[in-house]
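Read the structure below first, then the notes.
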Amino acid sequence: MNSLLPGIIMSFREGLEAFLILILIVRFLQKTDNRHLIINVILGLFSSVVFSLIIGYLLFYAGSQMEKMDQIGKLWESVASLAAVGLVTSFIIWMIQHGSEIKNFVENKTAINLTKLGIFTVTFILIAREGVEIAIFSFAGRYNYQSIMIGIILSIILSSAIYFSLFKVKIASIFKITLLYLIIQAGYLAGYGIHEGLGAMKSLGYLGSDNLLLVKVYDLSNSVLNHKEGIVGLPLNVLFGWYSKPEWIQFLIQYGFTGSLLTYWFRKNK
Numbered sequence: 001m002n003s004l005l006p007g008i009i010m011s012f013r014e015g016l017e018a019f020l021i022l023i024l025i026v027r028f029l030q031k032t033d034n035r036h037l038i039i040n041v042i043l044g045l046f047s048s049v050v051f052s053l054i055i056g057y058l059l060f061y062a063g064s065q066m067e068k069m070d071q072i073g074k075l076w077e078s079v080a081s082l083a084a085v086g087l088v089t090s091f092i093i094w095m096i097q098h099g100s101e102i103k104n105f106v107e108n109k110t111a112i113n114l115t116k117l118g119i120f121t122v123t124f125i126l127i128a129r130e131g132v133e134i135a136i137f138s139f140a141g142r143y144n145y146q147s148i149m150i151g152i153i154l155s156i157i158l159s160s161a162i163y164f165s166l167f168k169v170k171i172a173s174i175f176k177i178t179l180l181y182l183i184i185q186a187g188y189l190a191g192y193g194i195h196e197g198l199g200a201m202k203s204l205g206y207l208g209s210d211n212l213l214l215v216k217v218y219d220l221s222n223s224v225l226n227h228k229e230g231i232v233g234l235p236l237n238v239l240f241g242w243y244s245k246p247e248w249i250q251f252l253i254q255y256g257f258t259g260s261l262l263t264y265w266f267r268k269n270k
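Here the sequence shown is numbered in this note's numbering, starting from 1 and rising by one per residue.
Next comes the structure, spelled out in structure tokens:
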């Protein structure tokens, strides 16, 4: 179960965002007596799923080919992870700018696109963004498909309960919670990319074992704080991006990046 937990939480978060956006679109169409356009929402949803699966397949295929090249594979993981950070950061900035008014944003986009093609396009773009995030984090975290499916199924169950008003929640509040988690994971991904890059450079002989770039801030891997299997470290890793033996540059980039995004978010909502 420990190996499944990170993937479950990640896909649950992304899936929940996607299905909440669907709820907002469908409810708006129902409220404005445009139920005939709901079929285009469904088509947009399925198209975005197919698109996300293609992106995921290409990432995993490229990764599997690079892994055959031994240490070059680690270098590829580093570059791919850092590129993914750039893409995810653009999603985060979008959420910071629109998350507090996500309901109005989605409804406005839907209102000005009340055509079959318009509704299809709005749905596709908004849902594909979440799907691509799942593909990126699954690739970077090497999550297996079982954990991804469990997380998505759980998000469907919760979203259905919200849609049928089994309990009331503020959708904007949910987006704030998921945005916080996304920022933390993006910071972790940035640090992970640096860590893998340093490991590859060392294996390829470009960095000596005594190089200052490889100096650890601390090493708690032999304690309960081990980020892979420690009884305390694993939950901290899943929830907060904890790493039990980071290099200084990894540590500074991870927490500096996370802190910068949190500061930007705070100032935007001040």
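Glycine residues also receive a C-beta, built at the ideal position from the N, C-alpha and C atoms.
The DSSP-derived three-state label of residue 109 is helix. Annotated three-state conformation of residue 247 is strand, per DSSP.
For residue 216, DSSP records a beta bridge to 247. Annotated three-state conformation of residue 241 is coil, per DSSP.
Inclusion of residue 51 and residue 155 in the CB contact set at 8 Å is not warranted, their separation being larger than that value. Scanning 209, 58, 164, 14 for the CA closest to the CA of residue 26 turns up 164. Close CB contacts of residue 75 within its chain, under the 6 Å cut and outside five residues either way in sequence, are with 200 (chain order).
Considering only 34, 42, 254, 204, the residue with the shortest C-alpha distance to residue 124 is 42.
Below 8 Å, enough C-beta pairs join the segment 21-37 and the segment 110-120 to call them touching: three or more. With respect to residue 213, residue 198 sits close: the two C-beta atoms are nearer than 8 Å. Counting of Cβ neighbours within 10 angstroms places residue 192 among the buried residues, the total reaching 16 or more.
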